[in-house]
Structures are given as structure tokens and as C-alpha cells.
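Student:
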Amino acid sequence: MKRPTIADVARRAGVSKGAVSYALNGQPGVSEATRQRILAIATEIGFSRSSAARALSAATAGAIGLALCRPARTLGVEPFFMALISGVEAELSARSYALTLQVVADPDAEIAVYRRWWGERRVDGVLVCDLRTDDRRIPALEQLQLPAVVIGGPGGTGELASVWSDDAAALTETVEYLAALGHRRIARVAGLPDLRHTEIRTDAFAAVCQRLGLVDAVTVWSDYTGEEGGRATRRLLSSAGRPTAVIYDNDVMAIAGLSVAQEMGLTVPGDLSIVAWDDSPLCRLVHPPLTALGRDIPAYGAHAARQLLAVVAGQPAGRVQDETPHLTPRGSTAPPRVR
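Mapping of the sequence shown onto full-length UniProt numbering: position 189 corresponds to residue 189, and the numbering continues sequentially without gaps.
1. Considering only C-alpha positions, which residue in the set Asp271, Ala292, Ile274 is nearest to Pro281?
2. Find out if the Cβ-Cβ distance for the pair Arg185, Thr267 is shorter than 7 Å.
3. Mark His183 as exposed unless 16 or more other C-beta atoms lie within 10 angstroms of its C-beta, in which case mark it buried.
4. Inspect the beta-carbon positions of Asp271 and Tyr300 and report whether they are closer than 7 Å.
5. Under the three-state reduction of DSSP, which class applies to Ala13: helix, strand or coil?
6. Residues bridged to Gly65 by DSSP?
7. By the DSSP assignment, the alpha helix (DSSP H) with Ile45 in it spans what residues?
8. Under a three-way DSSP split, which group does Ala317 fall into?
9. Look at Val320 and Asp124 and say whether their C-beta atoms are less than 7 Å apart.
10. Asp167: buried (16+ other C-beta within 10 angstroms of its C-beta) or exposed?
11. When the distance is taken between beta carbons, is Val163 closer than 7 Å to Gly65?
12. Would you mind reading off the limits of the alpha helix (DSSP H) that contains Val218?
13. Given Glu199, which residues of its chain have a CB within under 8 Å of its CB, disregarding the five upstream and five downstream residues?
14. What runs of the beta strand (DSSP E), each 3 residues or longer, lie entirely inside the segment 268–332?
15. So, at 6 Å on beta carbons, what are the nonlocal neighbours of Ala254 in its own chain, with the 5 sequence-adjacent residues on each side left out?
16. Quick check on this structure: which residue in Leu308, Ala90, Glu142 has the alpha carbon closest to the alpha carbon of Val149?
17. So, helix, strand or coil for Asp108, using DSSP?
18. Starting from Ala140, trace the beta strand (DSSP E) both ways and give me its first and last residue.
19. Less than 7 Å between C-beta atoms, sequence neighbours within five positions excluded: which residues of the same chain meet that for Ala61?
20. Taking the C-alpha atoms as reference points, what is the distance between Gly156 and Ala240?
21. Buried or exposed for Ile111, going by 16 or more other Cβ atoms inside 10 Å?
22. Can you give me the Cβ contacts of Ser332 inside the same chain, cut-off strictly under 6 Å, excluding the 5 residues immediately before and after it?
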């Protein structure tokens, strides 16, 4: 007779092979009722894990997982993620680790991927991007006891390790710089509003504008794409009290904003100053080159990967503050033209 397999147990129980693995290994991820039903079916059909299978499950996968809940079209045009992944890959390859990458549709799908990866021993740990407000991925990962490092913060990461940079300080420096040039009407085209770093930047923007008496400051939200960034810019520049300076939450939206301003007959920086977040080669290729907030993004990814490998090795989890983005003035910012 054919020896029963884990697939046979899963088919009889009407669950995934990952769920069977959770139940057999005593891991979180299935209810107690489901666990008992799976164990009963395994006994009934004579399934037992061989010593070779037990040895395999105890071995490391030699891979780290990264699930990204972003539209694929965004990932294809945004330099930030490509630079981040290059840094992660550089660190992992030096340690003979592989990167398992998957794009998912929503946080629930992302959690399902984590459960499958961990249940099937496909990864030894995961990197978590785009931390959200009240992020339900955090308690799910804590329950799974899956080694993880959050790229983001501070705060909102539960007991998980994290690597973060001080976006609030960078945003404050940028507004102070524009105010020192003489700008009083400053706008910000932000990213997705439910992301933790968007919230941090929004709060910092409101606080520094209030402190400096910039009563006409405004934030509008977008999705990081050039299309939406351009639409947001057109609305701002068509308003009665149009801003004299705009800060964008990424370089793609800033370049789209530059194009819209020029289409509308405005000069940059004479009529409008522009600042981009996350400096990239694109910021230096346009005319005028964009003033930008920059940091070593590949190093940021490498630091996160290094922290995760330490967690996988059983070292204590920590919260590491990385380099604060610094402002590089270029040709897209200047004192506002007197009207």
C-alpha cells in the first residue's frame, strides 16, 4: 500500500497542507477543534511523520520572505522599493540566504502568505513593509511566532523587532527650510493615509506649520503614482490661494508635479518650489533638478536584513533607528516670487 502523505490528511480534513503542518507541529494557526480533527484523521489513515521529515522541518529554509501589499504597477515605477530590495539582497546573498518575494492584494492575503510560508517551512523569517495604523499583521505574526522585522516605526510594532528612520525630523527640517526662503503657503502631496509613516509625516507637518504660523498649509493624499500625484498637483495649483511650495511623499509624484506646473505655464522655482521625498537618480535628471530628502536606501534594506537574520539566530529583538533623511537643496527651490 502507498504510504499516507500530508496531502492525504489535508484532503480528508478539507484544509491546506499548511494547516496540517500547524496541527502536527503544535503551532498556532488553526483552532483547537481543527487541530484535534486533523490529528484524528492522521491516526485513522496511519500517517506518521518520518524521521527524515522531522529532520527536514527542523532545518532552516535558507530564505527570507517579503510580501508587498502594493499594486504591481506602483512597484514597477517607484525607485524606493527597488533600492530597498537591492540592499536586502546584498546582505542575504553574502550570508547564502535567498529572498522570497510575493505581491499580495490586501493585508488578509499577506497574513495568509505568512501562515503558508511558516507552515510549509519556506522561510525562516519575514520583513514587514508599509506599517499601518493598528496593523493587524503585527498580532498575527506574534501569534505565529514567525521571526519578523518591521521596516518602519517608531511605535505600532508590538513585540517585533524594527528598523526605522525619523521621518518627523526630516519633514520638520524641510518645512523650516522652505519657510526660511520666505514661503508662507506650503502644501504637501502625501502617500496612502493609512500607512504609519504617512501619519507621522502628516502630524509633523501640521505641528511645524502651526509653530511657524503657516495658516495656509494643506495636505492632500494620493497613492504614490505619477497619475494621482499629477492630479493632486493640478487641483492645488488651480485653487484661489495656490501654494508657492509643494512637498511630495515620493520622487515619482514630485516629477509628475513638476510636469503639471510647467504645463500650466508656471516656472519652477520662480512660481513654485518643489521638494521630493526619497532622493533618486530621477530627481537629478529632470530640469530643474529636484531638491530632495535622501538617505542610503540600499543600506536601510541591508540593516533590516541583518537585524532579521539576528532574530532568526535567536538573538534578542530590538528597535534600531537608522539614518534620518537629509535635505539636499537643488534647482527646484528658491524664494517665492513677489506677486
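Yeah, the Cβ is synthetic: ideal placement off N, Cα and C, and Gly gets one too.
Tutor: Let me spell this out:
1. Ala292
2. no
3. buried
4. no
5. Helix at Ala13.
6. Thr100, Val126
7. Taken as a continuous stretch (DSSP letters only), Ile45 belongs to no alpha helix (DSSP H), as it is neither H nor E.
8. coil
9. no
10. buried
11. No. Outside cutoff.
12. Run containing Val218: none in the alpha helix (DSSP H); it sits in the beta strand (DSSP E), 218–221.
13. Annotation for Glu199: Thr133, Pro193 place their beta carbon closer than 8 Å to its own, counting only its chain and skipping 5 residues before and after.
14. Taking only runs of at least 3 residues, the beta strand (DSSP E) segments lying wholly in the segment 268–332 are 273–277, 291–294, 319–321, 326–328.
15. Tyr248, Ile274, Ala276, Leu290
16. Leu308
17. helix
18. Following the DSSP letters along the chain, one finds Ala140 in no beta strand (DSSP E) but inside the alpha helix (DSSP H) bounded by residues 137–144.
19. Arg121, Arg122, Val123, Asp124
20. 39 Å
21. buried
22. Val268, Pro269, Ile274, Pro288, Leu290, Thr291
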